[in-house]
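Asks: There's a structure below that I have some questions on.
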Amino acid sequence: MAVIQLADQKIELKDGDRIRDACEQLGAPFGCRSGFCGACKIEIIEGGENLNILNQEELNMGDRDRTHRLACQAVIKQGFVKIKEGF
Numbered sequence: 364m365a366v367i368q369l370a371d372q373k374i375e376l377k378d379g380d381r382i383r384d385a386c387e388q389l390g391a392p393f394g395c396r397s398g399f400c401g402a403c404k405i406e407i408i409e410g411g412e413n414l415n416i417l418n419q420e421e422l423n424m425g426d427r428d429r430t431h432r433l434a435c436q437a438v439i440k441q442g443f444v445k446i447k448e449g450f
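The letter at position 12 of the sequence shown is residue 375 when you use the numbering used here, and the numbering goes up by one with no holes.
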């Protein structure tokens, strides 16, 4: 099982799941949910190595990197990831 944390709240999810639904449950803002609007920007505080590499939608945004992601596009491979919404 993997774990995503925002502030003092944590949600468990299966290894290989998108973090989108967990982040939304934790209160991260969302818009289009498909990588076009950028409303779901998150900062990775800890565990970035546990996420997939940036996909094309994130690369198209231009200001994404391993610590600045779109919650709707990131996939947790395993382990623990701590995030902060917006940046």
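From the three backbone atoms N, C-alpha and C, an ideal C-beta is built for every residue, glycine too.
Can at least three beta-carbon pairs, one atom from the segment 401-408 and one from the segment 432-448, be found at a separation below 8 Å?
Replies: Short answer: they touch.
Asks: Does DSSP put R396 in a helix, a strand or coil?
Replies: Residue state, collapsed to three classes: coil.
Asks: With a CB to CB cut of under 7 Å and the five nearest residues on each side skipped, what residues in its chain are close to F393?
Replies: Closer than 7 Å at Cβ, skipping near neighbours: E387, A402, C403 and C435.
Asks: Measuring CA to CA, which of L369, A370 and E375 is closest to Q441?
Replies: If we check each option's Cα against that of Q441, E375 comes out closest.
Asks: Using a threshold of 8 Å, state whether the C-beta atoms of D380 and A365 are closer than that.
Replies: Yes, they are a contact pair.
Asks: Please state the DSSP three-state secondary structure of L422.
Replies: Note: L422 maps to helix in three-state DSSP.
Asks: Between the C-alpha atoms of D371 and K447, what's the straight-line distance to the nearest angstrom?
Replies: Computed Cα separation, rounded: 11 Å.
Asks: Excluding the five sequence neighbours on either side, which residues of its own chain have a C-beta within less than 6 Å of the C-beta of A437, listed in chain order?
Replies: The residues are I382 and L414.
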